[in-house]
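Below you'll find the structure, written out as structure tokens, and then a few comments.
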Amino acid sequence: MKMPVKNRIAEFHDEMTQWRHHLHANPELSYQEYGTARFVAEKLRSYGIQVTEGVGGTGVVGVLHGNHESERSIGLRADMDALAIEERNDFAHRSTNRGVMHACGHDGHTTMLLGAARYLAETRNFSGRVVFIFQPAEEMGGQDGGAARMIREGLFENFRCDEIYGLHNWPGIEVGSFAVKAGLMMASGDAFEIEVTSTGMHAAQPHKGADVVLTAGHILVALQQISARNTDPLDAIVVSATQIHGGDAYNVLPNKVTIRGTVRAFSPAARAAAEPAVRRIVDGTALSTGAECKVSYTQQYPTLINSHSAAQSAEAAGSLIFNKVETNPPQTMIVEDFAFMLEDRTGCYGWIGNGPDDNGRILHSAWFDFNDEALPFGASYYATLVEARRN
């Protein structure tokens with residue numbers, strides 16, 4: 001079995017594990033990553049890396065120059081925020097922040113990039129410079145999320161990156177494995193909110209107004225015709241109603257029901273077709289039941305598309321580090337705001353194995369925990385990407 005080729009990183013694996021456990025025990029929500037950002041900035045400064053704090057809110061950027069002169073600049077990005085989930089694990093490093101936990105592994109992402117930063121600061125065996133980007137608010141997403149905000153506030157103007165790379169842990173892929181795909185890898189993501197309103201009535205007298213619960217039910221079912229009948233069956237799209245709220249009493253038909261959900265697609269055509277289809281369904285249902293309906297629809301995430309050249313660089317680096325590199329993994333309907341950075345810069349996003357996805361080790365689960373055995377693989381991968389630039 002191949003071990004990380006960066007032996008120095010393997011030497012401080014235990015320290016990285018301690019960092020990761022500290023971050024896991026102290027999770028912070030989007031744009032509240034004050035302690036996390038402080039921890040990151042202190043580590044970077046201790047390595048002799050130039051640090052800028054407060055980038056895009058609570059983001060941190062570090063800049064390191066190699067021993068070989070070059071104008072080339074490579075960006076490496078990790079996300080820092082946690083989720084509003086009450087952790088159910090009982091290990092020693094479980095969350096101490098009630099109702100907040102690292103259920104998506106951003107504690108591990110931050111730690112891997114810190115490990116790469118430490119190694120590269122010690123060796124500086126590369127050309128040009130590396131920009132370490134510790135991004136806030138990935139979970140908030142859309143234009144309000146950390147990636148879009150950092151770009152909007154001048155990330156790439158102030159810290160030039162010719163190309164940029166990121167990683168996400170992936171349950172279901174074994175530790176020591178890596179998956180990357182040239183071209184489209186992750187879906188676009190949009191959000192909708194539908195408000196259904198009427199006067200509200202006694203449950204025994206539904207004829208005295210429009211039934212918002214019945215109307216909402218018709219809408220919920222009809223939304224599924226978008227993928228079945230309103231878009232090309234060869235263009236994958238998934239419409240998910242994830243929330244429905246309405247009513248307080250068992251014997252009263254409420255005056256409002258709110259439906260919220262997401263639309264995810266791979267092709268621009270399917271994505272473009274979804275919003276008008278949602279509006280037609282809602283308007284038509286309202287007309288048939290007599291309820292009032294209002295739709296709010298927001299395009300949030302672009303598709304994540306890896307450039308072919310950067311994917312080749314990622315594959316080459318990965319082949320030196322990982323036991324297995326998968327270059328044609330199935331695309332996923334999960335969205336990722338690193339896609340905004342890839343719209344702005346050449347780059348590549350990959351998945352690093354987190355081990356089996358059983359026993360709650362799935363993303364956004366109250367039982368999730370990043371696999372510490374993956375830490376040296378991710379740090380070594382980042383370092384290898386940078387060290388490949390020596391001309």
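181 is the number that the UniProt record's numbering gives to position 181 of the sequence shown; each next residue is one higher, with no gaps.
Just so you know, even glycine gets a beta-carbon here, dropped at the ideal spot from N, CA and C.
If you're wondering where the values come from, they're calculated on a predicted model, not measured in any experiment.
Check, Outcome
"Tell me, which residues are paired with THR332 by DSSP?", "MET186"
"Should GLN300 go down as buried or exposed, given a rule of 16 or more other Cβ atoms within 10 Å for buried?", "buried"
"In or out: GLY105 buried (at least 16 other Cβ within 10 Å) or exposed?", "buried"
"Per DSSP, what are the beta-bridge partners of TRP170 in this structure?", "GLY353"
"Comparing the C-beta of GLU315 with each C-beta of chain D, is any distance below 7 Å?", "The structure shown contains no chain D, having only a single protein chain."
"Using a 10 Å radius around the Cβ and a threshold of 16 neighbouring Cβ atoms, would you call GLY48 buried or exposed?", "exposed"
"In this structure, how does DSSP classify ALA203 when only helix, strand and coil are distinguished?", "coil"
"Could you give the C-beta distance for THR17 and ASP372, rounded to a whole number, given that I count them as a contact under 8 Å?", "5 Å"
"Looking only at its own chain, which residues have a Cβ that is under 7 Å from the Cβ of MET3, when we skip the five neighbours before and after it?", "With a pLDDT of 49 at MET3, under the threshold of 50, the predicted position of this residue should be treated as unreliable, and no value is reported."
"So what's THR17 in DSSP terms, helix, strand or just coil?", "helix"
"Per DSSP, what kind of secondary structure is SER127 in: helix, strand or coil?", "strand"
"Among LEU29, THR289, SER95, which has the Cα closest to the Cα of HIS218?", "THR289"
"Please name the residue or residues paired with ALA78 in a DSSP beta bridge.", "PHE134"
"Would you mind working out which of ALA311, ALA210, GLY59, GLY183 sits nearest VAL131, comparing C-alpha positions?", "GLY59"
"What does the Cβ neighbour count give for ARG98, buried or exposed, with the cut at 16 atoms within 10 Å?", "exposed"
"From MET186 to GLU28, what does the alpha carbon distance come to, in whole angstroms?", "26 Å"
"Use the C-beta contact count for VAL386: other C-beta atoms within 10 angstroms, 16 or more gives buried, fewer gives exposed.", "buried"
"With H, G and I counted as helix, E and B as strand and the rest as coil, what does DSSP make of VAL295?", "strand"
"Report the residue ranges of all beta strand (DSSP E) runs contained in full by the segment 39 to 72; include only those spanning at least 3 residues, in chain order.", "50 to 55, 59 to 65"
"When you compare each of VAL40, PHE91, TYR34, HIS22 to PHE368 by their alpha carbons, which one comes out closest?", "PHE91"
"Please report how far the alpha carbon of PHE370 lies from the alpha carbon of TRP170, in whole angstroms.", "9 Å"
"Under DSSP, the alpha helix (DSSP H) around residue 468 begins and ends at which residues?", "Within the shown structure, residues of the chain are numbered from 1 to 391, placing residue 468 beyond reach of any answer."
"Skipping 5 residues on each side, what residues in its chain have a beta carbon closer than 6 Å to that of GLU153?", "GLY56"
"Evaluate the contact criterion for the segment 324 to 335 versus the segment 132 to 140: three or more CB pairs, one atom per stretch, below 8 Å.", "no"
"Could you have a look at ALA84 and say whether DSSP puts it in helix, strand or coil?", "coil"
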